[in-house]
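Student: Here you go, one structure.
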Amino acid sequence: MRKVIIIISLVLFVTGCWEYKNTPSNHQILRICNYSDMDIYFRRGNCEGGIFDNANIASSPVDFKIFAHECKNEYSPSFEVDIEYSGCLDPRISYVFFDAKIVETIPFDTVFKYNMMLGSKIFTKEQLDSLDWTITYP
Numbered sequence: 083m084r085k086v087i088i089i090i091s092l093v094l095f096v097t098g099c100w101e102y103k104n105t106p107s108n109h110q111i112l113r114i115c116n117y118s119d120m121d122i123y124f125r126r127g128n129c130e131g132g133i134f135d136n137a138n139i140a141s142s143p144v145d146f147k148i149f150a151h152e153c154k155n156e157y158s159p160s161f162e163v164d165i166e167y168s169g170c171l172d173p174r175i176s177y178v179f180f181d182a183k184i185v186e187t188i189p190f191d192t193v194f195k196y197n198m199m200l201g202s203k204i205f206t207k208e209q210l211d212s213l214d215w216t217i218t219y220p
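Residue numbers (this note's numbering): 83 to 220.
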């Protein structure tokens, strides 16, 4: 019985202490910085740097909103894998940016339909390596 309690305690300790980190071969954190004077929303884009789908990002501001002059981390088990299996002809990842005022006042299906984004950026793994895995807006 004592061994079972010790094993369960160790498993809980190890799994409870796990956190995201970047290693040279497996980046799990991508830092996105908003250097503009307005609040923005971000999300991954499609292969051409367009809006991927019409899922309402305004419903999760904690995940997708970045206030003016702030940075936020996005997490993934492996961004290298995300890039490799993005479905794009050339391995890459894109991010799309939106004005927070628009996303919070207009239904997102309208934002999607009329492509109401501020812009997008497309990156290869090599480009992200050179940027220390930090994307900036603008």
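All residues carry an ideal CB built from backbone N, CA and C; glycine is no exception. Given the structure is predicted, the values throughout are model-derived calculations rather than measurements.
Looking at the C-beta of S158, does it have a partner C-beta in chain B at a distance below 8 Å?
Tutor: Here chain B cannot be found, since the structure has a single protein chain.
Student: Output the distance between the C-alpha atoms of Y157 and L112, rounded to the nearest integer angstrom.
Tutor: Answer to the nearest angstrom: the Cα atoms are 6 Å apart.
Student: Would DSSP call L268 helix, strand or coil?
Tutor: Outside the shown range of the chain, which is 83 to 220, sits residue 268, and nothing can be said about it.
Student: Could you tell me whether the Cβ atoms of F205 and I133 are closer together than 8 Å?
Tutor: No, the pair does not count as a contact, with Cβ atoms beyond the cut-off.
Student: Rounded to whole angstroms, how far is the Cβ of I165 from the Cβ of K207, which I believe are closer than 8 Å?
Tutor: I165 to K207, Cβ: 5 Å. Contact.
Student: S176 to E101, Cα distance in whole Å?
Tutor: Their backbone Cα atoms lie some 24 Å apart in a straight line.
Student: Could you tell me which residues DSSP pairs with H109 in its beta bridges?
Tutor: Note: H109 sits in a beta bridge opposite N104.
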